[in-house]
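Residue numbers (our numbering): 91 to 402. Cβ atoms here follow ideal geometry from the backbone N, Cα and C, with glycine treated the same way. Working notes, structure below.
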Amino acid sequence: MKPRVLQHGRLMASLERALAEHFDVHPLWQEADPKAFLRAHGGEFTGLATSARFGADRALMEAMPRLAVIANFGVGIDTIDLEAARERGVAVSNTPDVLTDCVADLALGLVIDVARRLSAADRFVRRGDWPKGQFPLATRVWGKKLGIVGLGRIGAAIARRAGGFDMPVRYHSRRLVENSPYEYEASVTALASWADFLVVACAGGAATRHLVSREVIEALGAGGYLVNISRGSVVDEAALVEALQAGRIAGAALDVFEDEPNVPPVLFALDNVVLLPHIASATHETRQAMADCVLANLRSWFDSGRLVTPVP
Ligand code: 8YV
91 MKPRVLQHGR LMASLERALA EHFDVHPLWQ EADPKAFLRA HGGEFTGLAT SARFGADRAL
151 MEAMPRLAVI ANFGVGIDTI DLEAARERGV AVSNTPDVLT DCVADLALGL VIDVARRLSA
211 ADRFVRRGDW PKGQFPLATR VWGKKLGIVG LGRIGAAIAR RAGGFDMPVR YHSRRLVENS
271 PYEYEASVTA LASWADFLVV ACAGGAATRH LVSREVIEAL GAGGYLVNIS RGSVVDEAAL
331 VEALQAGRIA GAALDVFEDE PNVPPVLFAL DNVVLLPHIA SATHETRQAM ADCVLANLRS
391 WFDSGRLVTP VP
């Protein structure tokens, strides 16, 4: 008998097909009344496939008393209640490493876009404004100071790419990274004061909520740019919007927001802001590698009781 796996939200079509080959999968997202379904059938499932978007909260785990494993499509596990999982002895996997380089590529893309105003210049051409006059000058990227919040796998990959643009790099993390070639700043505010570009690459969740506070945004200052490819929760979005409207920072490039898919509409009118719909890992190659990782974790768990990429 195939293990019974509950699928929380929609996943990539290829992953849904692969999961259905190996497991007895039930799509919770197709249920008109998911709570009623869980009350009647929650006890049948030993596995859960979910994504960074849908996560797994305590209530869901409580409704699945035999749950043993959660496989998350995504590296960020801020929407999974890890404490509830630990209390129940539920193993959790995520998809680290395979998305690092695509996310870092996008971060550099955003740095270049917001500084050189690529998206704004594209809008300028499409509006038919070019024959009417010159596009305004932009800001140089190479050689500018790049501050990275969170020097994990993704932060380090961003730092390596910044080297190609001769950008001095400093970082702030929960703790100093041993043998790092980059200088450590003891606070995010100090990092922001130093940086021309502040790139947020730390994990989301309660511990980093509004780490990029009003004070940090003020420290970045009128010449500074904020780039976020981590989680919207890390940035005080209301403070950021105010600073952008008042011209107290130079611009922002955001792949993530506090209340996705809702973006503060006031940002739509600002030409110095780049807005993306959470696509940092969204390449064919990386998303397939993430799908393979989810499948490998579930197969390994049900074959051997071990995960390939467990969340510690
Ligand atoms: C999402 C992400 O997984 O890995 C993460 O933490 O945020 C993304 O790669 C993806 O958008 C699916 O929800």
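- prompt: Among all the DSSP beta bridges, which residues are the ones paired with Leu344?
  reply: The residue given as residue 344 occupies position 254 in the sequence shown. Secondary-structure assignment with DSSP links Leu344 through a beta bridge to Asn318, Leu365.
- prompt: By DSSP, does Ile202 sit in helix, in strand, or in coil?
  reply: Position 112 of the sequence shown holds residue 202. Helix at Ile202.
task: Could you have a look at Asp171 and say whether DSSP puts it in helix, strand or coil?
output: Numbered from its first residue, the sequence shown carries residue 171 at position 81. DSSP, read as helix, strand or coil, puts Asp171 in coil.
field: Ala210 to Gly314 span [Cα, whole Å]
entry: If you number the sequence shown from 1, residue 210 lands on position 120. If you number the sequence shown from 1, residue 314 lands on position 224. Between Ala210 and Gly314, the C-alpha separation is close to 18 angstroms.
- prompt: Where do the N-terminal and C-terminal ends of the beta strand (DSSP E) with Arg260 fall, by residue?
  reply: For this step, residue 260 is matched to residue 170 along the sequence shown. Run containing Arg260: 259-262, per the beta strand (DSSP E) assignment.
field: Whole-angstrom distance between Trp220 and Val165, CA atom to CA atom
entry: Taking the sequence shown and counting its residues from 1, the one referred to as residue 165 is at position 75. Taking the sequence shown and counting its residues from 1, the one referred to as residue 220 is at position 130. Approximately 42 angstroms between the Cα atoms of the pair.
field: Spatially closest choice to Val290 from Glu173, Gly240, His300, Leu157, by CA coordinates
entry: For this step, residue 290 is matched to residue 200 along the sequence shown. Closest option to Val290, Cα to Cα, is Gly240.
- prompt: So what's His116 in DSSP terms, helix, strand or just coil?
  reply: Counted from its first residue, the sequence shown places residue 116 at position 26. Reduced to three states, the DSSP call for His116 is strand.
field: Reduced DSSP category for Asn387 - H, G, I as helix; E, B as strand; rest coil
entry: Residue numbering aside, residue 387 sits at position 297 when the sequence shown is read from its first letter. Of the three classes helix, strand and coil, the one that applies to Asn387 here is helix, per DSSP.
message: Whether or not the stretch 385-398 and the stretch 97-113 are in contact is what I'm after, with contact meaning three or more pairs of Cβ atoms, one per stretch, closer than 8 angstroms; do they touch?
response: Contact between the stretch 97-113 and the stretch 385-398 is established, with three or more Cβ pairs separated by less than 8 angstroms.
query: How is the beta strand (DSSP E) around Leu236 delimited, first residue to last?
result: Indexing the sequence shown from 1 puts residue 236 at position 146. That run of the beta strand (DSSP E) goes 236-239.
- request: Report yes or no: do the stretch 143-162 and the stretch 276-285 share at least 3 C-beta pairs separated by less than 8 angstroms?
  value: no
- prompt: Can you pull the DSSP bridge partners for Ser183?
  reply: Here the question's residue 183 lines up with position 93 in the sequence shown. Per DSSP, Ala161, Pro400.
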